[in-house]
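**Q** Structure below; questions to follow.
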Amino acid sequence: MFRSFVFFASLVLIFSQAACNSPDSSAQGESESSGESGSQAQQAEKPQVDVQQLLAKLQKGVDVSRFSGQIDWQQVAQEGFGFAVSKATEGVDLKDSTFDAHWQGIKEAGLLRGAYHFYVTEDPPEDQAKWFIENVQLEPGDLVPVVDIELIGHDTKLEGLPQRLRTFVELIEAHYGVKPIIYTSPNFWDKHFKEAFHEHPLWIAEYGVTEPRVPQGWPTWHLWQHQGDVNIPGIEKDADLTRGNNNAADLSSLIIR
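Quick note on numbering: the sequence shown equals residues 14 to 270 in our numbering.
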């Protein structure tokens, strides 16, 4: 019985040593170490965003689409513009043909850049959000996404319209991790929307006034498109002018960190 015990104890010791030196155990340690190093590397590589410097660029901006024609973004920057927003998508299947070129050109010119989706009220919000996400890659230092809602399509069911817009912005927020800006005009919004979207930054469009009227649901505006169809050196055709609101306490919410 004693010999059997010694033999059994020896077997246990051999198997214990083998387990400690097994390739699986070693590989697991390397995997955990590599994962930790990789995570640290990703954090180290994440660009630092100077929010105050970017906010200073919001004093003078322009928004464009394919209707603006060819654009020399270096010249636009030389004209004193600090930011530009380019149309990216519309509805469920239209991508602006100039978006990719503008997106790269705005960045190369050192401007703060943003992208907007033209919301089509007849189209499913889920498909519209998916379409925008498929076509727009945002980076730290960019503006948060913009949804442009300014028209009601002929075949639109008015019942549930605010809820459908809510679905769209929530899907965009879930993907990018930020609340999108809502672009609209005060008369349009007050006529068709009674739901409060005050947690979203507001980009208001109103011309010929000294101060824009804030529509229902918001305490203030963040961006103001104050002039449309302006001839700007470096832009082949007309574009619209926008500026930021220095008095908005949460203006930094417009910047992706």
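In this text, a Cβ means the ideal position worked out from N, Cα and C, and glycines have one as well. Bear in mind that the values here come from a model prediction, so they are computed numbers and not experimental data.
(1) Whose C-beta lies closer than 6 Å to the C-beta of residue 79 among residues of the same chain, with five residues either side of it excluded?
(2) Within 10 Å of its beta-carbon, does residue 95 have 16 or more other beta-carbons around it, so buried, or fewer, so exposed?
(3) What is the DSSP secondary structure of residue 103, counted as helix, strand or coil?
(4) Would you please verify whether the beta carbon of residue 249 is less than 8 Å from any beta carbon of chain B?
(5) Determine the contact status of residue 133 and residue 104, defining contact as a CB-CB distance below 8 Å.
(6) Using CA atoms only, rank isn't needed, just tell me which of 83, 221, 130 is closest to residue 250.
(7) With distance defined between alpha-carbon atoms, name the residue in 210, 137, 123, 148 nearest to residue 228.
(8) Whole angstroms is fine: what's the gap from residue 89's alpha carbon to residue 127's?
(9) Using a 10 Å radius around the Cβ and a threshold of 16 neighbouring Cβ atoms, would you call residue 223 buried or exposed?
(10) Roughly how many angstroms separate the alpha carbons of residue 226 and residue 234, rounded to a whole number?
(11) Using 8 Å as the threshold, is the C-beta distance between residue 256 and residue 73 below it?
(12) The beta strand (DSSP E) with residue 127 in it runs from where to where?
(13) Between the C-alpha atoms of residue 253 and residue 76, what's the straight-line distance to the nearest angstrom?
(14) On the criterion of 16 or more Cβ atoms from any shown chain inside 10 Å, does residue 81 qualify as buried, or is it exposed?
**A** With the structure as the only source:
(1) 109, 110, 111
(2) buried
(3) strand
(4) Note that chain B does not occur in the displayed structure, where there is just one protein chain.
(5) yes
(6) 83
(7) 210
(8) 15 Å
(9) exposed
(10) 9 Å
(11) yes
(12) 125-131
(13) 6 Å
(14) buried
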